[in-house]
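Undergrad: For the sequence shown, our numbering assigns the number 242 to the initial residue and increments by one for each residue that follows.
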Amino acid sequence: MNLDFNKKISIGIIWLFHLSGLVGLLYIDKNLFASLTPLNLFISSTLLFVNQKSLKKKEVIIVFLIFSIGMIAEILGVNYGLIFGKYDYGDNLGLKLLGVPLLIGLNWVVLTFICGSISNHFIKNKYLSIVVGIILMLLIDITLEPIAPILDYWEFSGSIAPIQNYIGWAFTSLLTLSIYQFYYSSKEFTFSINLFLAQFLFFVGFNFLG
Numbered sequence: 242m243n244l245d246f247n248k249k250i251s252i253g254i255i256w257l258f259h260l261s262g263l264v265g266l267l268y269i270d271k272n273l274f275a276s277l278t279p280l281n282l283f284i285s286s287t288l289l290f291v292n293q294k295s296l297k298k299k300e301v302i303i304v305f306l307i308f309s310i311g312m313i314a315e316i317l318g319v320n321y322g323l324i325f326g327k328y329d330y331g332d333n334l335g336l337k338l339l340g341v342p343l344l345i346g347l348n349w350v351v352l353t354f355i356c357g358s359i360s361n362h363f364i365k366n367k368y369l370s371i372v373v374g375i376i377l378m379l380l381i382d383i384t385l386e387p388i389a390p391i392l393d394y395w396e397f398s399g400s401i402a403p404i405q406n407y408i409g410w411a412f413t414s415l416l417t418l419s420i421y422q423f424y425y426s427s428k429e430f431t432f433s434i435n436l437f438l439a440q441f442l443f444f445v446g447f448n449f450l451g
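1. Asp-329 lies in the beta strand (DSSP E); which residues open and close that run?
2. Go through its chain and collect everything with a Cβ distance to Leu-336's Cβ below 6 Å, but skip five positions before and after it.
3. Under 8 Å Cβ to Cβ from Ala-340, same chain only, skipping five residues before and after it: list those, please.
4. At what residues does the beta strand (DSSP E) containing Glu-396 begin and finish?
5. Just checking my contact of Phe-441 with Ile-388 at CB under 8 Å: how many whole Å lie between their CB atoms?
6. Specify the secondary structure class of Leu-392 as computed by DSSP and reduced to three states.
7. CB-CB under 7 Å to Leu-296, same chain, minus the five flanking residues each way: which ones, in chain order?
8. In three-state DSSP terms, what is Pro-279?
9. Going by C-alpha to C-alpha distance, which of Ile-254, Gly-326 and Tyr-268 sits closest to Glu-396?
10. Between Asp-382, Thr-431, Ile-391 and Leu-369, which lies nearest to Leu-418 when the distance is taken from Cα to Cα?
11. For Ile-255, is the classification buried or exposed, using 16 other Cβ atoms within 10 angstroms of its Cβ as the cut-off for buried?
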């Protein structure tokens, strides 16, 4: 597989940030490195967009729509206990709108894009690809939920994420992935799978070693 120089650099940056972040959280200063999460997510999302095959008006509208769906779902959860259950966000994810960090909306975009592009690469049937994409997004959430309170990302009432959370994730992912699979034509695989693996191994590593 021939990769252009920019994509190679982007992939290298992603792995460098996630591996150094894991080492920093585990062995240097957990609070400091947890507070740098917004920077990591901003860089990851920027590189994801830079490496898209096309990012014209239609694609930008899709990004905004997925961002909006994610934010609305999270706002309903934080303020009314709907969709995901009752939880509150901590202070390590940056600026908030109605109790929800704006980076969370961006994260819905990132996860939809990377999980959607991976599932689409291997499965061309759009409906089945959406189902596999949902499973990939749930896999990320399952590995993230146990460490979220430790890193002051968010915490559920009762400290443990309820089943409702995972049902809500699946439902919201169904909406965002459906938009992505049916209307976003310029899907990018190589950077996406590297970002997915970097995030997944980061969360798994912290779960086992933290």
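For glycine and all other residues, C-beta sits at the position ideal for the given N, C-alpha and C.
TA: In short, the structure shows the following:
1. Stepping through the sequence shown from its first residue, residue 329 is reached at position 88. Per DSSP, Asp-329 belongs to the beta strand (DSSP E) from 328 to 330.
2. Position 95 of the sequence shown holds residue 336. Taken in chain order, the residues that qualify are Leu-343.
3. Start at 1 with the first residue of the sequence shown, and residue 340 comes out as number 99. Here residue 340 turns out to be Gly, not Ala, going by the sequence shown. Correct list, in chain order: Ile-316, Val-319, Asn-320, Asp-329 and Tyr-330.
4. The residue you call residue 396 lines up with position 155 of the sequence shown. Segment 395 to 397, the beta strand (DSSP E) holding Glu-396.
5. Within the sequence shown, the letter at position 200 stands for residue 441. Within the sequence shown, the letter at position 147 stands for residue 388. Incorrect: roughly 13 Å between the Cβ atoms, too far for contact.
6. Reading the sequence shown from its first residue, position 151 is the one you call residue 392. Reduced to three states, the DSSP call for Leu-392 is coil.
7. Taking the first residue of the sequence shown as 1, we reach residue 296 at position 55. Closer than 7 Å at the Cβ level, and outside the excluded window around Leu-296, lie Phe-290.
8. Sequence index remark: in the sequence shown, residue 279 carries index 38 (1-based). In the structure shown, Pro-279 sits in a helix (DSSP, three-state: H, G or I).
9. Counted from its first residue, the sequence shown places residue 396 at position 155. If we check each option's Cα against that of Glu-396, Gly-326 comes out closest.
10. By one-based count along the sequence shown, residue 418 stands at place 177. Leu-418 has its Cα closest to that of Leu-369, out of Asp-382, Thr-431, Ile-391 and Leu-369.
11. Taking the sequence shown and counting its residues from 1, the one referred to as residue 255 is at position 14. So Ile-255 counts as buried.
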